[in-house]
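Visitor: After the structure tokens below, expect a handful of questions from me.
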Amino acid sequence: MTGLPRLWQDFVAAHPEHAGEQPEVEPFGDSVEMAEDLAQLVLAGTKRATAAPVEEGVPPDGAHWVLLDGRDVAVAVLRTTEIRIGRLDSVDDAFAWDEGEGDRTRDWWLDAHRGFFRRRLPHVTDVDALPTVFERFRVVWPPEYAD
Numbered sequence: 001m002t003g004l005p006r007l008w009q010d011f012v013a014a015h016p017e018h019a020g021e022q023p024e025v026e027p028f029g030d031s032v033e034m035a036e037d038l039a040q041l042v043l044a045g046t047k048r049a050t051a052a053p054v055e056e057g058v059p060p061d062g063a064h065w066v067l068l069d070g071r072d073v074a075v076a077v078l079r080t081t082e083i084r085i086g087r088l089d090s091v092d093d094a095f096a097w098d099e100g101e102g103d104r105t106r107d108w109w110l111d112a113h114r115g116f117f118r119r120r121l122p123h124v125t126d127v128d129a130l131p132t133v134f135e136r137f138r139v140v141w142p143p144e145y146a147d
């Protein structure tokens with residue numbers, strides 16, 4: 001497990017059946033501030049979904065990953081519980097709510113994610129049609145934050 005955060009090592013010590021996994025280790029967002037804010041939403045139990053362009057990869061259902069905060073500190077082990085692929089503008093009210101950001105409405109979510117995806121993918125001309133991974137997850141470690 002060299003190179004994986006201590007948080008993951010602690011999770012595997014408690015759940016040795018996951019010892020062979022190599023989780024992704026990454027923050028949410030594209031800035032220190034965003035990563036910190038979104039990590040805090042996860043730890044508060046507010047954020048239980050995320051979205052990303054398909055071209056960045058599609059995690060397998062049931063995959064684990066380690067969430068970093070804005071200081072690149074591992075704060076939680078997450079497990080993917082649901083994957084749906086669709087156009088960015090196919091987001092529904094329930095998913096926007098589960099993402100936990102802003103006022104949690106579809107309109108707010110779509111506006112924020114259009115801007116975010118345009119920053120990350122300036123070559124995309126029709127961001128609404130962008131194939132998007134809609135991912136739901138749960139926190140599995142540390143125990144005090146686990147769902």
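So the sequence shown is residues 1 to 147, counted in UniProt numbering. We put the beta carbon where it would ideally sit given N, CA and C, even for glycine.
Taking its Cβ as the centre, do 16 or more other Cβ atoms sit within 10 Å of A44, making it buried, or is it exposed?
Guide: Exposed.
Visitor: If P27 sits next to A39, beta carbons under 8 angstroms apart, how far is it from one beta carbon to the other, in whole angstroms?
Guide: 7 angstroms
Visitor: For A14, is the classification buried or exposed, using 16 other Cβ atoms within 10 angstroms of its Cβ as the cut-off for buried?
Guide: exposed
Visitor: Do three or more CB pairs link the segment 99-108 to the segment 48-63 at distances below 8 angstroms?
Guide: yes
Visitor: Comparing alpha-carbon positions, which option in L130, D37 and W108 lies nearest R118?
Guide: L130
Visitor: Please report how far the alpha carbon of D10 lies from the alpha carbon of L4, in whole angstroms.
Guide: 11 angstroms
Visitor: I'd like the span of the alpha helix (DSSP H) that includes L43, first residue to last.
Guide: Counting along the chain, the alpha helix (DSSP H) containing L43 begins and ends at V32 to L43.
Visitor: Would DSSP call V54 helix, strand or coil?
Guide: Reduced to three states, the DSSP call for V54 is helix.
Visitor: Assign H123 to one of two classes, buried (16 or more other C-beta atoms within 10 Å of its C-beta) or exposed (fewer than that).
Guide: exposed
Visitor: R104 to G20, Cα distance in whole Å?
Guide: 37 angstroms
Visitor: Between V32, E17, P59 and L67, which has its C-alpha nearest Y145's C-alpha?
Guide: The candidate whose alpha carbon is nearest that of Y145 is L67.
Visitor: Looking at C-alpha atoms only, which residue of V54, R71 and D37 is the closest neighbour of R84?
Guide: V54
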